[in-house]
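With my numbering, the residue at position 156 of the sequence shown is 156, and numbering never jumps.
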Amino acid sequence: MNSVINGIDVHYEVQGAGPPVLFVHGFPLSHRLWTPMVERLGDDYMLIMPDLRGLGQTEATDTCTMAMFADDLKALLDSLDVTEPVVVVGLSMGGYVAFEFFRRHRLSVRAFVLADTRCQADPPEIVETRATVATRVLDEGSKVVADGMIDLLFAPGTPETLRKEWHEIMAASSPVGVAAALDAMAKRVDSTATLPQIYVPTLVIVGENDAITPPRDAEFMQAAIPNAQLEIIPEVGHMTPVEAPQRFAEALKRFLSDVMA
Ligand code: MLT
């Protein structure tokens with residue numbers, strides 16, 4: 001489905017019925033990250049799965065910030081008449097967006113799932129790298145990022161079909177959208193101080209072999225969030241919902257049924 005939200009054409013999928021769960025994908029991915037959850041959770045929950053601004057099939061803008069991503073999500077919920085608080089599930093950059101969503105719209109958050117993400121801001125050398133990569137993407141296309149990230153995203157031994165599917169999704173992303181998202185990540189604030197304020201139930205999930213946001217980042221967040229559980233999924237990397245869909249869904253299901261009880 002597509003709707004004009006905050007002046008841009010936003011693509012999103014809504015599946016299932018029940019309490020609303022908002023799924024926020026990582027960089028430079030799309031709502032398809034969450035497709036394996038539809039058959040596993042769609043009977044019990046309303047799954048709301050947008051493509052973030054400039055990624056997937058959502059229109060790009062030259063500039064973007066975490067606040068814009070977060071406000072787009074709130075405006076999407078409003079346009080869907082979702083007035084009750086939602087469970088926000090954010091993976092990697094989706095987690096960075098989730099922290100901003102919490103700061104700006106905390107009454108809309110019923111619970112949090114922070115998957116394969118971190119709370120810290122970028123160190124200066126990463127800020128610099130992101131700017132260099134953004135320039136290359138604008139000159140040469142998004143394949144630059146797809147080539148650079150594919151081995152970091154998946155654990156060794158991941159089936160080639162899965163790697164190929166995601167390489168294609170990343171390479172097809174809008175260069176303008178990818179460059180804007182790189183800038184948004186580079187400029188994001190550090191969320192460490194937000195962690196003790198997250199009083200909603202929280203599940204932190206991470207792949208044991210995540211090379212981008214390793215388990216130590218997840219352990220740090222779990223220790224600082226007042227009501228957080230940790231689930232480490234063995235033998236998978238950064239792309240937990242597609243590398244281990246069954247185990248990811250089971251962890252999510254257990255958490256959601258506790259939250260809804
Ligand atoms: C992501 O998976 O969303 C990104 O790799 C996160 C990042 O680059 O910090």
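Glycine included, C-beta positions come from ideal geometry on N, C-alpha and C.
| Asked | Found |
| --- | --- |
| From GLY42, PHE69, ARG40, pick the residue whose C-alpha is nearest to that of GLY54; which is it? | PHE69 |
| Once the 5 residues before and after ALA111 are set aside, which same chain residues still bring their CB inside 6 Å of it? | VAL87, VAL200, PRO201, VAL259 |
| Counting only runs that start and end within the region 110-181, where is the alpha helix (DSSP H) found for 4 or more residues in a row? | 124-140, 143-153, 160-171 |
| Would you identify the three-state DSSP class for SER79, choosing helix, strand or coil? | helix |
| Assign ASP43 to one of three DSSP states: helix, strand, or coil. | coil |
| Flag this pair as yes or no: are the beta carbons of LEU33 and PRO241 separated by less than 9 Å? | yes |
| Leaving out five residues before and five after ARG136 in sequence, what residues of the same chain have Cβ atoms less than 8 Å from its Cβ? | VAL144 |
| Confirm the yes/no value for this check: CB of SER92, any heavy atom of the ligand MLT, distance under 8 Å. | yes |
| Alpha carbon to alpha carbon, how far is TYR12 from GLU140? Give it in angstroms, no decimals. | 28 Å |
| Taking the beta carbon of VAL4 as the centre, do at least 16 other beta carbons fall within 10 Å, making it buried, or is it exposed? | exposed |
| Closer than 8 Å by C-beta to ASP62: which residues in its own chain qualify, once you throw out the five before and the five after it? Chain order, please. | VAL176, ALA180 |
| Locate the alpha helix (DSSP H) running through GLN222, then write down its first and last residues. | 215-224 |
| Could you tell me the distance, in whole angstroms, from the CA atom of GLY157 to the CA atom of GLY7? | 42 Å |
| Please check the pair LEU77 and LEU22, which I expect to be a contact at CB under 8 Å, by giving their CB distance rounded to whole angstroms. | 7 Å |
| Could you check how far apart the C-beta atoms of TRP166 and LEU153 are, in whole angstroms? I think they sit under 8 Å. | 7 Å |
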